[in-house]
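Written out below as structure tokens is the structure these notes cover.
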Amino acid sequence: MSQPPASITCTDLTLRFPVYGVDAKSLKKALARVVAVGGQLGRHAGVTDVTALQGVNLQLKAGDRLGLIGHNGSGKTTLLRALSGAYEPDEGTIEVQGRIAALLDLSLGIDATATGYENIRLRGRIAGLSSREIDERMDELAAFTGLGPFLAMPVKTYSAGMQARLAFAAATAVEADVLLMDEWIAVGDADFQKLAHKRLLKLVERAGILVLASHEVSLLRLYCNKVMRLEGGVASEVVDIRRLDELMAA
Amino acid sequence: MDTATHMLRTGQRGALSQLQLAFRDLRNSFQRIGLAWSLATHDVGSRYRGSILGPFWITLSMGLMVLGIGVVYANLFHISLQNFLPYVALGIVFFGVMTGTINEGCETFVQAAGMLSQTSLPMFTFVWRTLFRNLIYLAHHLVIVVAVLAYYGYWRTADPLVALLGIALMLLNASWVSMLAGIASARFRDIPQIVVSVMQFAIFMTPVFWPADKFDGHREVLDFNPFYHLLQAVRAPLLGQAVAPLSYVVLVTMALVGWSFTFAIFARTRRRIVHYL
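Listed in order, the protein sequences are those of chains A and B. Residue numbers for the first sequence follow my numbering, so the first one is 1 and each next one is one higher. Residue numbers for the second sequence follow my numbering, so the first one is 251 and each next one is one higher.
So this is what it looks like as structure tokens:
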């Protein structure tokens, strides 16, 4: 079809989080502050910013599998969320071409009182599938979870491992062009992990682009061909995966 | 697959672009209106899972309230049940929809925190979700309305088309209040309490339980009460009465001013809402 190939472009992406303290969430405090600073409302008086990403430039095209490394709080997840479209940049631009699937939080949209089928349906709807698309895929998904008759039972009756299976199946129902992952999310017991690995690999193969944040060097070597390091919200250059050691040492 | 496959997010580029982005959010929400509906039906389903009557429980409790208040107040005010019960029934049902939409509006964004922080779903989707949920409840309560109107013979004089116009105006107004409450509640956690108190106050200040014509001496209590006009636009035509032109003027003005204001606030805060949560 005439669709342009998948791509991700970030230019000078800067993201700041305003921190509204627990106290600042009370109206009284805000009113008091307005009075205290003499009515300078436009100044965002007293709101502290945390700069989570600063001047990140990133250019990915179809076939790129980017690994993100960095310490806790270095901005990996923030970058993934920004790429998913949830966070708006304060400066710079993000442009993503292609259908995005963000596998950041498997429990997204999982309702413990609803049945497995209902949860798959809901999650699929959130991910952008139409009801018909979900119906078409339901059998395959149901078989994949291996939960059989339990799918008609409320999720709260599931064990943690079963819940993980369901969540994984539901979250990976979408065939995306851009796949965002916070840690490699293969879950469940040994058998299921094998299945999950296979399914993820298939998704990655189909998706034009993968962005994977992980601390597991071996995983990154396995699945990525490029790597970028974040340090306090500042990004390194994107380098070939073979230079991973260099990047980690830097 | 007709989902949007292109996403562009930019930094702040002045008020005009903010406004355009807000409109784009609105447009996207209409393109995926089915999602809002799915979420709303799921909400209703999960709230009443396992109960036999489901949402009809609120219909039942509302019916009892209508009956109780109707009979007692009809005696107090010396009005015949024939006149008073339908009046109270319609008042409670339709005021309930307004209260529900506005009170639950406070939770609109707070409840959606998980989805908002990792997807690019339009914010308006969640506003419609709250509205649709309350429409589903209204559909259940219509049982009361139909029963009362049929039993007391009002169906002969009722004008459902004009009432439908009234319902549309009511929803148009309730939805902007609901959205405004949602944005404000995301930022300030005191707002839900304030909203609930105000709505509680409003239900007693508005002729829901008491006949409006008993208040002849103090028309201003009615004329300056937006809820009175909202209610009248729906109730009067169903009772076979005419709606005062003033009510329509008030409702249309309120919808225009209210939506403009809410939309301006939304355009300003849109990129911040996810950080409030």
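Even for Gly, the Cβ is constructed at its ideal location relative to N, Cα and C.
Simplified DSSP state of residue i, which is helix, strand or coil
i, result
"N57 of chain A", "strand"
"F511 of chain B", "helix"
"I8 of chain A", "strand"
"P487 of chain B", "helix"
"D293 of chain B", "helix"
"Q97 of chain A", "strand"
"A176 of chain A", "coil"
"P154 of chain A", "strand"
"V493 of chain B", "coil"
"D90 of chain A", "coil"
"D473 of chain B", "helix"
"A235 of chain A", "strand"
"T309 of chain B", "helix"
"T407 of chain B", "coil"
"D111 of chain A", "coil"
"G318 of chain B", "helix"
"Q504 of chain B", "Contrary to the premise, residue 504 of chain B reads as Met rather than Gln in this sequence. DSSP places M504 of chain B in helix when its eight states are reduced to three."
"W378 of chain B", "helix"
"Q268 of chain B", "helix"
"Y401 of chain B", "helix"
"F438 of chain B", "coil"
"T349 of chain B", "helix"
Min CB distance residue i to chain B below 8 Å
i, result
"Y117 of chain A", "no"
"S84 of chain A", "yes"
"P5 of chain A", "no"
"I134 of chain A", "no"
"D240 of chain A", "no"
"A142 of chain A", "no"
"L122 of chain A", "yes"
"Y259 of chain A", "Within the shown structure, residues of chain A are numbered from 1 to 250, placing residue 259 of chain A beyond reach of any answer."
"V37 of chain A", "Here the model assigns V37 of chain A a pLDDT of 38, short of 50, so the residue's position is not dependable and the matter cannot be decided."
"I126 of chain A", "yes"
"T113 of chain A", "yes"
"F168 of chain A", "no"
"L81 of chain A", "Note that residue 81 of chain A is Arg in the sequence shown here, rather than Leu. Yes, its Cβ sits closer than 8 Å to a Cβ of chain B."
"F17 of chain A", "yes"
"D177 of chain A", "yes"
Within 8 Å, strictly: CB atoms of residue i and residue j
i, j, result
"Y337 of chain B", "P461 of chain B", "yes"
"L399 of chain B", "A408 of chain B", "yes"
"L419 of chain B", "A505 of chain B", "yes"
"L166 of chain A", "G116 of chain A", "yes"
"T512 of chain B", "M449 of chain B", "no"
"L210 of chain A", "A169 of chain A", "no"
"M315 of chain B", "H391 of chain B", "no"
"L489 of chain B", "F345 of chain B", "no"
"V50 of chain A", "R16 of chain A", "yes"
"T157 of chain A", "E95 of chain A", "no"
"L335 of chain B", "Y402 of chain B", "yes"
"L527 of chain B", "F376 of chain B", "no"
"V347 of chain B", "L388 of chain B", "yes"
"T519 of chain B", "G98 of chain A", "no"
"Q368 of chain B", "L108 of chain A", "yes"
"L53 of chain A", "A102 of chain A", "no"
Proximity test, Cβ basis, 8 Å: residue i and chain A
i, result
"G304 of chain B", "no"
"Y526 of chain B", "yes"
"L422 of chain B", "no"
"G432 of chain B", "no"
"L522 of chain B", "A quick correction: the sequence has Arg, not Leu, at residue 522 of chain B. Yes - at least one Cβ of chain A is within 8 Å of the one on R522 of chain B."
"V507 of chain B", "no"
"W378 of chain B", "no"
Residues sharing a beta bridge with residue i, DSSP
i, result
"F17 of chain A", "A:V50"
"G67 of chain A", "A:L212 and A:V227"
"D189 of chain A", "Answer by DSSP bridge pairing: none, since D189 of chain A is not bridged."
"A102 of chain A", "A:L180"
"H256 of chain B", "A:Q97"
"D240 of chain A", "A:K226"
Within chain D, partners of residue i - CB distance below 9 Å
i, result
"G364 of chain B", "Of the chains in the structure shown, none is chain D; the protein chains are A and B."
Using a Cβ cut-off of 9 Å, which residues of the stretch 339 to 371 of chain B contact any Cβ in chain A, in chain order? Listed by position along the chain: G364, M365, L366, S367, Q368, T369, S370 and L371.
Below 7 Å between beta carbons is the criterion; list the residues of the stretch 44 to 73 of chain A that meet it against any residue of chain B, in chain order. So the list is empty, because no residue satisfies the distance condition.
Please identify, using Cβ separations under 8 Å, the residues of the stretch 255 to 284 of chain B that lie next to chain A, in order along the chain. Flagged, chain order: T255, H256, M257, L258, R259, T260, G261, Q262, R282 and G284.
What residues in the stretch 83 to 102 of chain A have a beta carbon less than 8 Å from any beta carbon of chain B? Only S84, G85, A86, Y87, E88, P89, D90, E91, G92, T93, I94, E95, V96, Q97, G98, R99, I100 and A102 from the stretch 83 to 102 of chain A bring a Cβ to less than 8 Å from some Cβ of chain B.
Any C-beta of chain A within less than 7 Å: which residues of the stretch 286 to 300 of chain B qualify? Considering only beta carbons, the part of the stretch 286 to 300 of chain B lying closer than 7 Å to chain A consists of S288, H292, S296 and R299, in chain order.
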